Structures are given as C-alpha cells and as structure tokens.
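Using this note's numbering, read the sequence shown as starting at 108 and increasing by one per residue.
Working notes for the structure below.
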Amino acid sequence: MIKQIFSTDGKLYALLSTMVQILELNVLMVLFSLPLVTIGASISAAYSVCRRMRREGDVAVWREFVREFRRGFAKPTGLWAMLLTAGIDMVLGFQELQNLTNSFTPLMLLILAAYGVILMAATYMFMLPAYFTMSVGEIIRGSFSLALQHLLPSMACVVVTIVLMGGLPVFAPRLLLVWLLFAPASCVWINVLILEPILLEHVAQSRPAASHGTTPRTEPTRMKADIES
C-alpha cells in the first residue's frame, strides 16, 4: 500500500510534480512580467506551458516558457496594451461620472457590466494563442464570443482570479508567501482546467464545418497541438 502511494506512477507523485512545475512557472511569470509591458506575453506563455502539462504531464517548464514567450510575444503584448488602456479609461470615466452624480446610476451599472465582460474575455485573449493559430482580430472576436456563450465558467475564472490575486493577500496576509510562490500560475492552471474542455468542444464542432468547405469566422481552425504533433 505504501509503495503504491509513493510510486512514481501514483496520484501523490503526480500531484507533487504538478505543484513543483506550477511553482517554477510562477517564478518565471513574475520575472518575465517585471517590465510590466511584457505581462501579456508572460501570461500567454504560461497558458502554453499549462496546456502542455495537461497533455504530457512532466514538461521542461523553463525551456517551454521561454520558447513560447519569444515566439508569441507580439500579439499578447498588443492585447495587454489594449486591455490596460481600456481598463484605465473605464475606471477614470466611472470615477468622473460618480463625482458628477454623487450617486449610483444605471449608466454606472452598465459600465460595471461592460467591465465584467471585458474581464471574462481577457482570460480567453491570453489563452487562445496557446491553443490556436489566430490573428489579433480573430482572438478578440473569439474571446468575446466565447465569454458570452459560456457565462458561468467565464465568470468562475474571473472570480478565481480576483480571489487569488486580490483577496488572498488582503484577507489572509499570513499566506502571503504562499501567494507569492503560487498565485499567478495557479490562476492560469485553474483557468485551463475550467476552460480547456470548452475550447476542445469548439474545435470538434469546427472540424466538420471545415471538411465541408465552410469555416466559422470566429472559431479557430488549427490547434497548436495538432501542428506540433
């Protein structure tokens, strides 16, 4: 029984191996995000690593992360700049509107709802390049389409990200070290667990259409996994 528990083929070993890889991935995410403008590329590279971890188990995290960071730098960096600019504009607009009205108005509710949709779509924007070969326009359209089609899992990813990245250090400061070592990469890993079945389902749906000569406009038609294999 003990041999089975500590066997390299056992669930305990697999769990510990995953935790070590997430720790290594977290360190890389933090280091490569320090210039701030590279945060988008770092997140997208982390999604690529997690995708390969789900597919293959043990992977060379450092090598895979650096390779994906370099290869997919431009698109996620541009998307990050767009999201950051839009987020700042919406926050400033919300504050200005609040100062003018001194009360909560329906327009503020619409702004918050729009910001929520953008947050849900942002998860897909950095995740899709890890799974598909797409243009920036296709990534944006596909991200909003998937976020609106799958509201519950998309909202779950946003909640997980807010709780781990914002709530944990505020409400559980004793876990600050754990947060520093695991939080960003854990968010990416959990998002992959939640959203990967949705992406694979859309791949399965797009292939029959492609075989009949029609390709859905907002759905990617080639997976990186297929290309690499």
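Don't be surprised by glycine CBs; every beta carbon is placed ideally from N, CA and C.
What you are looking at is a predicted structure, and each value in this text was computed from that prediction instead of being measured.
For the alpha helix (DSSP H) that contains residue i, what are its first and last residues?
i	result
phenylalanine 278	275-278
threonine 230	213-238
glycine 147	146-163
glycine 185	181-208
arginine 248	243-256
valine 168	168-178
leucine 135	118-140
Report the rounded CA-to-CA distance for residue i versus residue j, giving the unit in angstroms.
i	j	result
proline 260	asparagine 298	9 Å
leucine 141	proline 304	31 Å
arginine 329	glycine 244	Confidence in arginine 329 is poor, its pLDDT being 44 and thus under 50, which makes the residue's placement unreliable; the coordinate value appears in the next sentence. So the two alpha carbons sit approximately 16 Å from each other.
leucine 132	leucine 214	40 Å
glutamate 175	valine 295	15 Å
leucine 130	glutamine 205	41 Å
arginine 161	alanine 220	33 Å
valine 285	threonine 125	16 Å
threonine 208	phenylalanine 201	11 Å
glycine 194	leucine 217	14 Å
alanine 188	leucine 143	10 Å
cysteine 157	leucine 306	14 Å
Report the option in the options whose CA atom is closest to the CA atom of residue i.
i	options	result
isoleucine 269	Asn206, Ala193, Met227	Met227
valine 134	Leu287, Leu307, Glu308, Leu306	Leu287
valine 224	Ala237, Met197, Pro183	Met197
valine 265	Phe278, Tyr222, Val277, Pro280	Tyr222
valine 168	Ile218, Ser155, Gly179	Ser155
isoleucine 301	Pro276, Leu258, Phe289	Leu258
leucine 191	Gly273, Thr145, Met234, Val166	Thr145
isoleucine 247	Thr230, Ala263, Met262	Thr230
valine 173	Ala148, Gly164, Met241	Ala148
arginine 159	Ala263, Phe139, Gln128	Gln128
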